[in-house]
Amino acid sequence: MNSLGGAFMPAVGEDYENEAAKEAERVRLSQAAEQAEARARAEHAQRLEEAQRQYAAQQQAAQTAALERAKAEALAQAEAQAAAKAEADAAAAQEDASPETATHTPMHAEAAELAQAYAAAAETLSGISGEEEEAAEEAPAAEEAADEASPVEQAAAAEALRAENAARLREAVAQQQRQLREAELARRAEQQATLAEAQQQAGVTTDALREHTMPIKQEPRSPLESDLRPADAAQLKDIYQRDQKLAEMRSRAQVDPSTELRRAQAWAELPARERRSCAAEVSRITKNYKRGHYAVLGLRRSASQMEIRQRYRQKALLVHPEKNPSPDARLAFEQLREAGETLADDRLRDARMTRKTQRQQEEKLDHFRGEVLAFAETSAEYLQARLREFPRVLYGAAAVSFLLV
């Protein structure tokens with residue numbers, strides 16, 4: 405009996421070891437497959453984003469080139485018209501000029517050329533027709549005054565006219581540039597709104613949030629900013645910064661696939677109790693990261709610098725990637741390090757508390773404003789209902805008084 409039991413026990417032990425090895429192999433293969441699938445999804449998303457970026461750049465370049473060509477053609481046409489008018493005016497002035505004023509004809513031609521050039525440029529660039537009519541009405545009077553003036557006065561008048569025309573031309577060009585910028589901003593805002601609506605149908609993601617908050621960050625005068633309250637803008641900025649930090653953490657956490665495979669094998673070989681302990685600490689840190697740095701360290705807000713440093717060292721030993729083979733250990737360690745560095749620095753901690761206090765005050769103010777508006781709407785509806793019932797009440801009171809009389 406003893407020999408039979410002794411022969412049976414090793415077989416049971418070998419079966420148990422084989423089952424454990426098979427289970428570890430299945431876990432390792434499943435984790436490797438999940439990691440490969442995640443990398444494939446990330447590469448596909450990156451390629452898609454790159455293609456969208458290239459297409460947007462090509463569209464922007466094509467539109468810019470079209471605007472530049474149109475502007476160059478308009479300027480060339482304006483210069484040709486100005487030159488033709490100037491030549492015609494010069495020829496007419498030479499034919500009609502007297503011997504006394506023949507020496508000053510080039511000066512008159514230059515003044516007329518500058519006036520015509522300004523009028524044509526203003527009409528082409530900014531569409532200002534009022535100034536062109538005024539210049540056309542003042543041109544005969546200026547020519548008569550120039551005929552009666554001395555050569556020195558005529559030279560001074562021509563110089564003043566040249567300076568005035570140059571200033572007006574610069575103003576017209578600046579106005580056209582402002583109009584082009586405003587039109588471009590409006591077009592970009594419309595495209596951004598269309599893209600946001602399209603992506604909203606597919607679901608809100610961090611990539612979409614980053615893409616739609618970028619215009620507000622780059623262009624303070626963007627039309628998209630007018631639709632946001634200060635509290636919403638601050639919240640979006642906070643979310644965007646947090647998303648940037650998470651992206652940096654994930655990029656730092658990416659290592660060689662062979663290293664990840666060894667970590668997965670070590671994770672599969674750990675006993676179930678130790679695996680649960682490591683996973684619980686990593687999960688606690690990643691879940692509490694949104695609640696704040698004190699929640700990550702598991703401390704109260706009244707904790708001292710000594711307590712913060714001690715707790716950071718304790719947690720760092722538990723979730724360090726070299727000691728904890730959990731798949732999310734690197735991300736948890738980066739979040740823990742950020743919390744420790746922020747709370748250890750008085751300046752960073754005070755700045756963070758100030759931002760949080762301001763955000764809470766803005767949220768309270770928005771909540772109070774909403775309650776006031778709701779109370780006002782409810783009061784208005786109540787008064788309207790009472791006013792609708794007032795004729796019936798008045799009629800009933802009159803009927804009762806008539807019966808009593």
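In my numbering, the protein residues as written are 405 to 809. We treat Cβ as the ideally placed atom computed from N, Cα and C, and that holds for glycine. Model, not experiment: these values are computed from the prediction.
Sorting 581, 697 and 421 by C-alpha distance to the C-alpha of residue 472 places 581 at the top.
If you draw a 10 Å sphere on the C-beta of residue 788, you find fewer than 16 other C-beta atoms in it, and that means exposed. Residue 744 and residue 737 have their C-alpha atoms some 10 Å from each other. Residue 689 is not a Cβ neighbour of residue 727, given a cutoff of 9 Å. When the five nearest sequence neighbours on each side are left out, the beta carbons in the same chain lying within less than 8 Å of the beta carbon of residue 724 are those of 733 and 737, in order along the chain. If you look at residue 783, you'll find it in the alpha helix (DSSP H) that goes 750-808.
For residue 722, the enclosing alpha helix (DSSP H) stretches over residues 709-723. If you draw a straight line from the Cα of residue 440 to the Cα of residue 780, it is about 58 Å long. Within a 10 Å sphere around the beta-carbon of residue 700 sit 16 or more other beta-carbons, which makes this residue buried. Spanning the alpha carbons of residue 807 and residue 792 requires a straight line of approximately 25 Å.
Residue 783 has its alpha-carbon roughly 10 Å from the corresponding atom of residue 776. The Cβ atoms of residue 716 and residue 705 lie no closer than 9 Å to each other. Judged by their CB atoms, residue 748 and residue 709 are nearer to each other than the 9 Å cut-off. The residue from 684, 790, 476 and 490 with its alpha-carbon nearest to that of residue 729 is 684. In the DSSP annotation of this structure, the continuous segment of the alpha helix (DSSP H) that includes residue 701 starts and ends at 697-701. Proximity to residue 467 across 490, 772, 592 and 579 peaks at 592, based on C-alpha coordinates.
When rounded, the separation of the alpha-carbon atoms in residue 752 and residue 742 is 11 Å. For the 9 Å CB-CB criterion, residue 682 and residue 722 form a contact.
Distance between residue 731 and residue 713, taken at the CA atoms: about 26 Å.
By the neighbour-count definition (other C-beta atoms within 10 Å, threshold 16), residue 450 is an exposed residue. Cβ-Cβ separation between residue 693 and residue 762: approximately 21 Å, too far for a contact (criterion under 8 Å). A distance below 6 Å between beta-carbons, with the five flanking residues on each side excluded, links residue 564 to no residue of its chain.
Residue environment: residue 686 is assigned as buried (16 or more neighbouring CB atoms within 10 Å of its CB, all protein chains considered). Exposure of residue 567 is indicated by the presence of fewer than 16 other C-beta atoms within 10 angstroms of its C-beta. Going by C-alpha positions, residue 452 is about 24 Å away from residue 436. Each residue's CA atom was taken as its position, placing residue 460 and residue 475 some 22 Å apart. The beta carbon of residue 703 lies closer than 7 Å to those of 711, 712 and 715 in the same chain, with the five residues before and after it left out. Secondary structure of residue 457 (DSSP, three-state): helix.
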